[in-house]
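Scroll down for the structure; my scribbles are underneath it.
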Amino acid sequence: MGQAFSRWGQLCVGIDPHAWLLTDWGLPDTAAGAESFGRQVVAASAGQVGLVKPQVAFYERFGSAGYVALERVLADAREAGLLVIADVKRGDLGTSVEAYGQAWLSPGSALEVDAITVNAYMGVGSLAEVFTLAGETGKGLFLLAATSNPEAAAIQRAVVADGPQAGVTVARAVFDDVSGRNAGSVTELGSFGVVLGATLDLATFGLDLSSAPATGLTPILAPGFGHQGAEVSKLRILYGGYARGVIVSESRSVLAVGPDRIKKMIARRVVEAGAARG
2 MGQAFSRWGQ
12 LCVGIDPHAW
22 LLTDWGLPDT
32 AAGAESFGRQ
42 VVAASAGQVG
52 LVKPQVAFYE
62 RFGSAGYVAL
72 ERVLADAREA
82 GLLVIADVKR
92 GDLGTSVEAY
102 GQAWLSPGSA
112 LEVDAITVNA
122 YMGVGSLAEV
132 FTLAGETGKG
142 LFLLAATSNP
152 EAAAIQRAVV
162 ADGPQAGVTV
172 ARAVFDDVSG
182 RNAGSVTELG
192 SFGVVLGATL
202 DLATFGLDLS
212 SAPATGLTPI
222 LAPGFGHQGA
232 EVSKLRILYG
242 GYARGVIVSE
252 SRSVLAVGPD
262 RIKKMIARRV
272 VEAGAARG
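If you use my numbering, the sequence shown corresponds to residues 2 to 279, in order.
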């Protein structure tokens with residue numbers, strides 16, 4: 002991912018075929034429509050950004066046909082040299098979570114991507130098997146830590162009662178666990194990241210991002226820029242020393258301009274994200 006950042010910058014284009022977006026793009030609200038949408042977004046992104054993030058739920062709603070459509074979108078992205086983060090938010094334990102990892106992270110799988118989002122509601126340790134698989138295959142994980150939906154605060158701001166992380170928030174405990182896994186990395190960015198919403202006051206989640214390590218930096222997948230109101234110009238204010246490891250994720254603000262203007266909009270947002278990084 003560090004190479005993608007160096008070459009293309011930190012913008013990540015979301016692939017979210019909402020029903021209303023398919024209509025606005027002149028496409029049917031079907032698996033075929035979602036496939037066409039995704040492949041057009043990939044084509045517009047190629048050569049401009051290094052990362053795309055399909056929201057799997059919008060394909061899954063079409064059942065098996067939706068997964069076939071997604072497989073074709075992913076194939077296009079791989080051929081274009083784009084890194085793909087599948088937003089699947091999977092969470093389980095033991096062999097079940099390992100099976101999720103095998104579906105998405107195994108080389109040669111029709112669903113193969115470079116990283117997935119995962120849910121540590123049952124504890125970060127419940128994801129042990131998928132951490133192992135990701136390490137073996139050179140893939141990445143992004144754990145939900147502080148998400149932008151208001152309902153999440155009751156859990157993510159809650160304080161851990163006992164154990165080695167007693168006294169810190171759940172969000173901080175997840176962040177610290179992931180950072181510990183990256184600590185031995187000799188590259189600037191670690192393989193494992195967290196999701197921290199750009200619309201949040203992260204200090205209220207017990208997170209202090211003012212300083213960051215020179216190597217093994219925990220990447221941050223940051224939804225909320227654009228349509229949700231976060232301004233990329235405030236990247237350093239929002240993420241402090243971790244700003245250089247933030248994936249600036251934008252979906253609706255880019256996709257809503259339509260198929261004829263999306264390429265220019267992506268180019269514009271790339272410049273803005275680059276200026277924010279400095």
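For each residue, glycine too, the CB sits at the ideal point set by N, CA and C.
No experiment lies behind these values; they were computed from the predicted model shown.
In the three-state DSSP reduction, V271 falls in the helix class (H, G or I).
Considering only V161, A153, K90 and G139, the residue with the shortest C-alpha distance to L128 is K90. Judged by DSSP in its simplified three-state form, A223 adopts strand. E99 and R158 have their C-alpha atoms some 28 Å from each other. Taking the CA atoms as reference points, L52 sits about 14 Å from D17.
For the set V43, G194, D163 and I248, the Cα lying nearest the Cα of V233 is the one of I248.
Residue range A116 to V119 is occupied by the beta strand (DSSP E) that includes T118, with no alpha helix (DSSP H) assigned at that position. No residue range can be given for F63, since it is assigned to no alpha helix (DSSP H) and is classified by DSSP as neither H nor E.
Under DSSP, the beta-bridge partners assigned to P55 are I16. Inter-residue distance for F132 and I156 is about 23 Å (C-alpha atoms, whole angstroms).
In the three-state reduction of the DSSP assignment, R262 falls in the coil class, being assigned neither a helical nor a strand state. For L134, there is no enclosing beta strand (DSSP E); the enclosing alpha helix (DSSP H) covers residues A129 to T138.
The shortest C-alpha to C-alpha distance from E251 to any of I86, G181 and A153 is the one to I86. Here V50 is near G10, since their CB atoms are less than 8 Å apart. In chain order, S110 and L134 place their CB closer than 8 Å to the CB of Q103, counting only its own chain and leaving out the 5 sequence neighbours on each side. If you ignore the 5 residues before and after L201, its C-beta comes within less than 7 Å of the C-beta of A147 and S149, all in its own chain and listed in chain order. Membership of S254 in the alpha helix (DSSP H) is indicated by the continuous run R253 to L256.
Under DSSP, R73 shares a beta bridge with no residue. The closest CA to that of R79, considering only V114, G27 and V57, is found on V114.
With distances taken between CA atoms, N120 lies nearest to D93 out of E72, G225, Y60 and D93.
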